[in-house]
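Worksheet: the structure to be examined is printed underneath.
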Amino acid sequence: MPILLRKLKYRFRPSAKHRNKKRPHSPRHIVWILILLMIPAFLYIFYQAERRIGPLAQQAAVSKLNGEITKSTNQVIQDILKAQSLNTQDLILSEKDENGHLTAMSVNFSAVNQIKSTLAIEIQNCLDQMEVIHTSVPAGMLFSDTLMTGMGIQIPIKVFAVSAIEVDFIDEFSSAGINQTRYQLMVEVRVPARVAGIFLHEDTEIVTQVPVAETIVVGDVPSAYLAPSGN
Numbered sequence: 001m002p003i004l005l006r007k008l009k010y011r012f013r014p015s016a017k018h019r020n021k022k023r024p025h026s027p028r029h030i031v032w033i034l035i036l037l038m039i040p041a042f043l044y045i046f047y048q049a050e051r052r053i054g055p056l057a058q059q060a061a062v063s064k065l066n067g068e069i070t071k072s073t074n075q076v077i078q079d080i081l082k083a084q085s086l087n088t089q090d091l092i093l094s095e096k097d098e099n100g101h102l103t104a105m106s107v108n109f110s111a112v113n114q115i116k117s118t119l120a121i122e123i124q125n126c127l128d129q130m131e132v133i134h135t136s137v138p139a140g141m142l143f144s145d146t147l148m149t150g151m152g153i154q155i156p157i158k159v160f161a162v163s164a165i166e167v168d169f170i171d172e173f174s175s176a177g178i179n180q181t182r183y184q185l186m187v188e189v190r191v192p193a194r195v196a197g198i199f200l201h202e203d204t205e206i207v208t209q210v211p212v213a214e215t216i217v218v219g220d221v222p223s224a225y226l227a228p229s230g231n
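Yeah, the sequence shown ends on 231 if you go by UniProt numbering, and it's all consecutive.
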């Protein structure tokens, strides 16, 4: 009887070949392994997108909206001046002494105030008609600023005004050459805007300055001038 039991144990004992054989991974295990490997890759892509594409996307969107604001402002100013029979030089006043020397320059507040409110309304209407401005940046910028510039799919970005704009007039003196000074009157348009995209969602204020009128002063700069704000 003991001999028979030993034979049965030997017969049913698994061989070394079967004991060392490993079970293959199930498809579910393979999927989880791939997911774990892909998580760091996605985190790296999002980090690079936020660090590199985010600022570039905002710059592209702001530049696009700046161009549209400048274009609209120029057109609106020309239309308003024409409708009110004004010239751009009518917005600037100058004073001279008895020798004909320019002694002071100032903004014609009467003319400026006459067009300021209409200007703000018309520019706001232009932005409302545009609603959303679309632009894009290439995905290649995610990896390189130079080697892959312009390569890859275009990542869409949109920018739009989120509240009422502000319009003001500012002026400044600047050098225009030897013994010459430029006096400029400009419209400053402030637009609260939102830039949105796959990797970007940010509120910003876009400030655009559009020259309206200018005068070249030959000789000394006038000793006095009045700022359009009246301060």
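For each residue, glycine too, the CB sits at the ideal point set by N, CA and C. Note that the coordinates shown come from a computational prediction; the quantities given were computed from them, not determined experimentally.
Legend entry - Within-9 Å CB hit, P156 to chain D: Looking for chain D here will not work: only one protein chain is present.
Legend entry - Test item: CB-CB of I206 and I30 under 9 Å: no
Legend entry - Backbone CA spacing between G197 and P156 [nearest angstrom]: 6 Å
Legend entry - Rounded separation between M105 and L119 - CA only: 23 Å
Inset, instruction - Less than 8 Å between the CB atoms is what I'm expecting for G54 and L200, so what's the real figure, rounded? - result: 5 Å
Legend entry - 6 Å CB neighbourhood of V218 in its chain, flanking five on each side removed: Q180
Legend entry - Pick from D171, D97, V195 that is closest to V187, judged by C-alpha positions: D171
Inset, instruction - Spatial neighbours of K116 within its chain, please: CB distance less than 6 Å, with the 5 preceding and 5 following residues excluded, ordered by chain position. - result: none
Inset, instruction - Between the Cα of T103 and those of F109, V112, L93, spot the shortest distance and give me the residue it belongs to. - result: L93
Legend entry - Nearest to E131 (by Cα), restricted to the options E122, V159, Q114, S175: V159
Inset, instruction - Assign T215 to one of three DSSP states: helix, strand, or coil. - result: strand
Legend entry - Residue range of the unbroken beta strand (DSSP E) whose run includes G197: 180–197
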